[in-house]
Amino acid sequence: MLNANDRDAVNQGLHPLTFGSGPKGETTMRVRNKIFGGVLVASLATVLNVAGAGAGAASAAPLTPALVTPVEASAHTTSVSARTSTAAATPLVFDVNGTFTDGGSARPVISDVNDILTVDMSSQHRPTATGVVINSDTILVTFPDDATYSAKLQAPNTIRWSNGSTWQKLNLVRVPDVGEETRSVATSILNSAGFAVGRVTTVVDWRCNHDHTVSGQTPGAGTLAVPGTAVNLTIGVLPTGGQCP
4 MLNANDRDAV
14 NQGLHPLTFG
24 SGPKGETTMR
34 VRNKIFGGVL
44 VASLATVLNV
54 AGAGAGAASA
64 APLTPALVTP
74 VEASAHTTSV
84 SARTSTAAAT
94 PLVFDVNGTF
104 TDGGSARPVI
114 SDVNDILTVD
124 MSSQHRPTAT
134 GVVINSDTIL
144 VTFPDDATYS
154 AKLQAPNTIR
164 WSNGSTWQKL
174 NLVRVPDVGE
184 ETRSVATSIL
194 NSAGFAVGRV
204 TTVVDWRCNH
214 DHTVSGQTPG
224 AGTLAVPGTA
234 VNLTIGVLPT
244 GGQCP
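Counting from 1 along the sequence shown, just add 3 to a position and that's the residue number in the working numbering.
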């Protein structure tokens, strides 16, 4: 357990955390200089139970902080900008930048900048998570509304978390532009690109620019979307009674 002073120091970002479990199957890893909330941390020493971070660890407990060691800010003479500009990013098993799925409705978006991870969880109305790259196939992420978890990266695009959940990277595709096309042609174009046709709405085009052709689509042309996404179409038709000029 952390005493009050240690907890305050951790909350201020002054102490690197050491995470640990039993001796079997543990690997000690060190992370180079990282920036957390604008505070430079000299090194993050972690002890991860690698077996527990794999695919079959549904019952694995989230990592909990153990020992903390003070790091004096005055010990660092190199500027933050100089350190961050020279730090080389760790080559990973696969590029983690992008949108993932948990098999349900969640669409977390990961950004990796020089081994500092940001996980946008807004698709689930959850706060943004932050983390760090440990090595080429291991990451550590703290979810503010949950806990801190390690994860193993597995080719081609899979993240296996220490709580047993799995994220799969989505290969997003740009939605083609089907404007001005007939419904049948638009359907053919969308299907060829891996998309489905969703709701089709017919509206009278009082400007007389569309005669049974697509006047609108959602998602819009050029939008990155998951293959299989349904694209809703609006079909414009001319007004009756010769009301066009």
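Every residue gets a Cβ at the ideal spot worked out from N, C-alpha and C, and that includes glycine.
Less than 8 Å divides the Cβ of Gly-223 from the Cβ of Val-178.
Here Pro-111 is not near Pro-130, since their CB atoms are 8 Å or more apart.
Between Gly-101 and the set Leu-173, Ile-162 and Ser-108, the nearest pair of CA atoms involves Leu-173. Residue pairing by DSSP places Thr-141 opposite Asn-138 and Lys-155 in a beta bridge. The Cβ atoms of Gln-127 and Ala-150 do not sit closer than 8 Å to each other. With a 10 Å radius around the Cβ and a threshold of 16 neighbouring Cβ atoms, Glu-183 comes out exposed. Ser-125 carries a helical assignment under DSSP once its states are collapsed to helix, strand and coil.
Just so you know, the alpha carbons of Leu-156 and Ile-119 end up roughly 16 Å apart.
Residues Leu-241 of the same chain have their beta carbon placed closer than 6 Å to that of Asp-214, with the five preceding and five following residues left out of the count. Listed as beta-bridge partners of Asn-235 by DSSP are Thr-221.
Taking C-beta atoms under 8 Å as the contact rule, Val-122 and Gly-134 qualify, at a distance of about 7 Å. Comparing C-alpha distances from Gly-197 to each of Val-176, Arg-210 and Val-203 shows the shortest one belongs to Val-176. Only residues of its own chain outside the window of five on either side were considered, and among them Ala-199 and Gly-201 have a CB closer than 6 Å to the CB of Ala-233, listed in chain order.
Secondary structure note for Val-96: it is in no beta strand (DSSP E), with a DSSP letter that is neither H nor E.
About 6 Å separates the CB atoms of Leu-193 and Val-181; that is less than 8 Å, so the two are in contact. Residue environment analysis places Gly-239 among the buried positions, since at least 16 neighbouring C-beta atoms fall within 10 angstroms of its C-beta. The three-state reading of DSSP puts Val-207 in strand, counting E and B together. The three-state secondary structure of Ala-228, taken from DSSP, is strand. By the neighbour-count definition (other C-beta atoms within 10 Å, threshold 16), Ala-189 is a buried residue. Around the CB of Thr-141, 16 or more other CB atoms lie within 10 Å, so the residue is classed as buried.
Taking Thr-237 as reference, the option from Val-217, Gly-244 and Ser-114 with the minimal CA-CA separation is Val-217. Distance check between Asp-115 and each of Asp-105, Val-99, Val-229 and Ala-158 places Val-99 closest, using alpha-carbon atoms only.
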